[in-house]
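Presented below is the structure to which this report refers.
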Amino acid sequence: MLPFIKQFNYFRRRNRKRLKRNMVWLFRVVAVLILLDAVYLFTLWPNWSDYSSGKVKKTEFINQYLSSKKQKPKLPTLKWNPIPITWIPKHLQRAVLVAEDARFYEHQGIDVEAFKEAMDYNLEHMKFKYGGSTISQQTIKNMFLSSSRNPLRKWHELILTFGMEMSLTKKRILEIYLNVAEFGRGIYGIEAAAQHYWGVSAVALSHYQAAQLAATLPSPIKHNPRTQTKRFNKRVRRILRLL
């Protein structure tokens, strides 16, 4: 056999062994990371029976806001007054569903169609603007996670969403969401939003006011009943047409 062929075979065997070692090392690293993430998820995993009924609990988002206010005292005082879903008018519930998750009662926490539509939009415009998150996903994010868009946080959101969907009724999930969603800086929940913007209880809101609150949800700081932006008013009209 020619010398250069022997040398080629030698390097090929050596590279094959090196690749095998690297693959084994990579597999071990991935296995350790999966194990660590499983442990982290275990620490996050709630006792769902604590959330199945009764007064809605304070969320991670609200706790984060309170922490920020300690560092920045000039931030508005927290406004949050959870109420039973029986006190929230049906037209207000429908307005939120129309605006945020029209297939809420049809999916099991993940709206595959909405996700595909969001990904198509993002790919077409070459930017990550829409995520296709359902009300269930948003509820989990508000309750236990952060506003970060990193893939790991999204993964945790999906796992916790499935857990919540298997443990709580749709009615209860919607009740929690309506009481913890952000409607402005430091304003959380339907009741606090109604009191802040119009000085009335949520039970007294008109169809138009309900549409305005629903239109606030995607960007509550920038687009709300006080700012009355062009985009906000366009969204209000769309929600009213669909009610």
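If you count the sequence shown from 1, position 140 lands on 140 in the UniProt record's numbering, and the numbers rise without skipping.
Just so it is clear, CB atoms sit at the ideal spot from N, CA and C, and this is done for glycine as well.
What does a CB cutoff of less than 6 angstroms around residue i pick up in its chain, not counting 5 residues either side in sequence?
{"i": "A210", "result": "H91, L92 and A95"}
{"i": "P220", "result": "E182, F183 and G184"}
{"i": "D101", "result": "T134 and I135"}
{"i": "A214", "result": "A95, V96, A99 and I239"}
{"i": "V200", "result": "A194"}
{"i": "W87", "result": "V203"}
{"i": "F61", "result": "N142"}
{"i": "A192", "result": "K79, W80 and N81"}
{"i": "D111", "result": "R103 and T134"}
{"i": "N224", "result": "G184 and T216"}
Taking residue i and residue j to be in contact with their CB atoms under 8 angstroms, please state how far apart those CB atoms are, rounded to whole angstroms.
{"i": "Q137", "j": "G109", "result": "7 angstroms"}
{"i": "F104", "j": "I135", "result": "5 angstroms"}
{"i": "A99", "j": "L217", "result": "6 angstroms"}
{"i": "Y197", "j": "R226", "result": "7 angstroms"}
{"i": "I85", "j": "K171", "result": "6 angstroms"}
{"i": "S68", "j": "L75", "result": "6 angstroms"}
Using 10 angstroms around the beta-carbon of residue i, count the other beta-carbons present and answer buried if the total reaches 16, otherwise exposed.
{"i": "K70", "result": "exposed"}
{"i": "E157", "result": "buried"}
{"i": "G186", "result": "buried"}
{"i": "N47", "result": "exposed"}
{"i": "L174", "result": "buried"}
{"i": "D50", "result": "exposed"}
{"i": "Y208", "result": "exposed"}
{"i": "P18", "result": "Note on residue identity: the sequence assigns Arg, not Pro, to residue 18. Exposed."}
Quick one, which of the options has its alpha-carbon nearest residue i's?
{"i": "Y177", "options": "W87, H223 and N142", "result": "N142"}
{"i": "L78", "options": "Y65, I88 and T86", "result": "Y65"}
{"i": "W45", "options": "I85, L75, R153 and M164", "result": "M164"}
{"i": "V203", "options": "S67, P89, K55 and T59", "result": "P89"}
{"i": "W80", "options": "K72, K74 and N63", "result": "N63"}
{"i": "S52", "options": "M166, H223 and R18", "result": "M166"}
{"i": "Q189", "options": "P151, K72, K57 and F232", "result": "The sequence given here has Gly at residue 189, not Gln. With distances taken between Cα atoms, G189 lies closest to K57."}
Which residues in the same chain have their Cβ closer than 7 angstroms to the Cβ of residue i, if we skip the five residues on either side of it in sequence?
{"i": "residue 244", "result": "Any answer about residue 244 is impossible in this case: the structure gives the chain only from 1 up to 243."}
{"i": "R153", "result": "L145 and S146"}
{"i": "F162", "result": "G109"}
{"i": "K116", "result": "none"}
{"i": "L168", "result": "W48, Y51 and S52"}
Kindly list the residues whose CB is nearer than 8 angstroms to the CB of residue i, restricted to its own chain and excluding five residues on each side of it in sequence; keep chain order.
{"i": "K222", "result": "T229"}
Q.
If we require 4 or more residues per run, which alpha helix (DSSP H) segments fall completely within the segment 159 to 202?
A. 170 to 180 and 190 to 198
**Q.** Uninterrupted alpha helix (DSSP H) stretches inside the segment 37 to 89 (no shorter than 4 residues)
**A.** 60 to 71
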